[in-house]
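In case it helps, mature numbering (1 follows the signal peptide of the UniProt record, and there is no 0) puts the sequence shown at residues -18 to -1, 1 to 253. Note that beta-carbon positions come from the ideal geometry of N, C-alpha and C, so glycine has one too.
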Amino acid sequence: MRHLLTLALLFLAGTVAGKDGKTGSRFRTERINFIYEKALQHVTDRQNLARLEKELSGYDAIYLASKAERQGNRAGKDIDKIDDKLAKILEKYGLENAVQAFKEKYKHKNLNQQTADNEPLPSTKFTDGSLQKLWLQAQNGKFSQEELHALHDELKEVEKKMRIYQDRLDDFKKVPHHHENSVHHDSDALHEKTKKLKAANRQFEDHLDEVHRKVTNEQYSPFSEPRVKRLWKLALENEGLTPYEMSALKDELSHFESQLKKIKFHQVSCL
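Here it is, written out as structure tokens:
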């Protein structure tokens, strides 16, 4: 098991970053990354894909240089011309609709952003002090209004899971904890309630850790070694990993970090 997890970590570290070393993005502009994702789904010939990558790299630089968001209407017209030229090139690969698809996606994204920006932030306080502290920290951080609304929803969900855990705990305390050899001892009931209590505890703690990481970013990590922190960060950014796989990877990274610390200790001792 550990060998397989180690291979998974090596694969994660080598593939998530991509050729340009940037996590999750091959190109520098959102537009070209969107088109490239479509290309990976539809262009099966490797030579055609390689040629398309080269052409997209050129347009990636053009879009980046245009800085449309910061140059007003004139830049917007220039972008439309660039879009038209790119769409003609994409026809050769059966991707002529990709540019328009991105425009539609970006339009809806902007509308959602504007809606969120116009909505006031919730003023209700969280009953749990740690959640309230996280919420205040998020409001003082570099988050957009849309992101703050999403974070508040997540914190409310964590609060709900905390209440479920507390209910499970109260229910667990009601079970008579007689000696296991006693005739009154009901091992099946105790086992079932223990199982539910642990599950509820894990659910709210895992979700709380997830929100904590989003709010504090690099300030929070269960690891101290830079190499291990980097691998854990890559794992967090990989949306394809299930909670079970994340838990298994976390255990493996803990073992890896322990080994690194032992090596450092022996190196210092030998000096």
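Exercise. Where does D42 land, buried or exposed, given buried means 16+ other C-beta within 10 angstroms?
Worked result: buried
For this session: Given a cut-off of 8 Å, decide if L116 and L137 are closer than it, judged by their beta-carbon atoms.
Result: yes
Exercise. Between the C-alpha atoms of E86 and D62, what's the straight-line distance to the nearest angstrom?
Worked result: 13 Å
For this session: Under 7 Å Cβ to Cβ from T11, same chain only, skipping five residues before and after it: list those, please.
Result: So the qualifying residues of the chain are D42, Y45 and L46.
For this session: Run the CB neighbour count on K143, radius 10 Å, all protein chains shown included, and call it buried at 16 or more, exposed below.
Result: Its Cβ being crowded by 16 or more others within 10 Å, K143 is buried.
Exercise. Would you say L235 and L213 are within 8 Å of each other, going by their C-beta atoms?
Worked result: yes
For this session: Determine, using beta-carbon pairs with one atom in the stretch 17 to 32 and one in the stretch 71 to 86, whether at least three such pairs fall under 8 Å.
Result: Yes, the stretch 17 to 32 touches the stretch 71 to 86.
Problem set entry | Beta-carbon contacts of L242 that lie in its chain and below 6 Å, excluding the five residues immediately before and after | E207
Exercise. Is the CB-CB distance between Q121 and L113 below 8 Å?
Worked result: Taking 8 Å as the Cβ cut-off, Q121 and L113 do not qualify as a contacting pair.
For this session: Let me know if L88 comes out buried or exposed under the rule of 16 or more other beta-carbons within 10 Å of its beta-carbon.
Result: In the sequence as presented, Leu is not what sits at residue 88; that position holds Tyr. So Y88 ends up on the exposed side.
For this session: Can you give me the start and stop residues for the alpha helix (DSSP H) that E143 sits inside?
Result: According to the sequence as given, residue 143 is Lys; it is not Glu. That run of the alpha helix (DSSP H) goes Q127 to K155.
For this session: Use the C-beta contact count for A21: other C-beta atoms within 10 angstroms, 16 or more gives buried, fewer gives exposed.
Result: Buried is the label assigned to A21, since at least 16 other Cβ atoms lie within 10 Å of its Cβ.
Exercise. Can you name, in chain order, every residue of its own chain whose Cβ lies under 7 Å from the Cβ of E37, other than the five neighbours on each side?
Worked result: Excluding sequence neighbours, E37 sits near I71.
Problem set entry | Rounded C-alpha distance that separates F238 from K211 | 11 Å
For this session: Over the uninterrupted alpha helix (DSSP H) stretch that includes P208, give me the two end residues.
Result: P208 to E219
Problem set entry | Limits of the alpha helix (DSSP H) - the one that L31 falls within | Start and end: R28 to S48.
Exercise. Mind checking whether K175 and V157 have CB atoms under 8 Å apart?
Worked result: Taking 8 Å as the cut-off, the Cβ atoms of K175 and V157 count as close.
Exercise. Ordered along the chain, which non-local residues of its own chain (more than five positions away) have a Cβ less than 7 Å from that of L190?
Worked result: V140
Problem set entry | Local Cβ density within 10 Å of R151, reported as buried at 16 or more and exposed below that | For the sequence presented, residue 151 should be read as Leu rather than Arg. Per the 10 Å Cβ criterion, exposed.
Exercise. What's the gap between the Cα of D27 and the Cα of S39?
Worked result: One C-alpha to the other measures close to 18 Å.
Exercise. DSSP on E162, reduced to helix/strand/coil?
Worked result: Reliability of the predicted coordinates at E162 is poor, the pLDDT of 48 falling under 50, and the value obtained from them is presented with this limitation in mind. When DSSP states are grouped into helix, strand and coil, E162 belongs to the coil group.
For this session: Taking all protein chains shown into account, decide if F186 is buried (16 or more other Cβ within 10 angstroms of its Cβ) or exposed.
Result: buried
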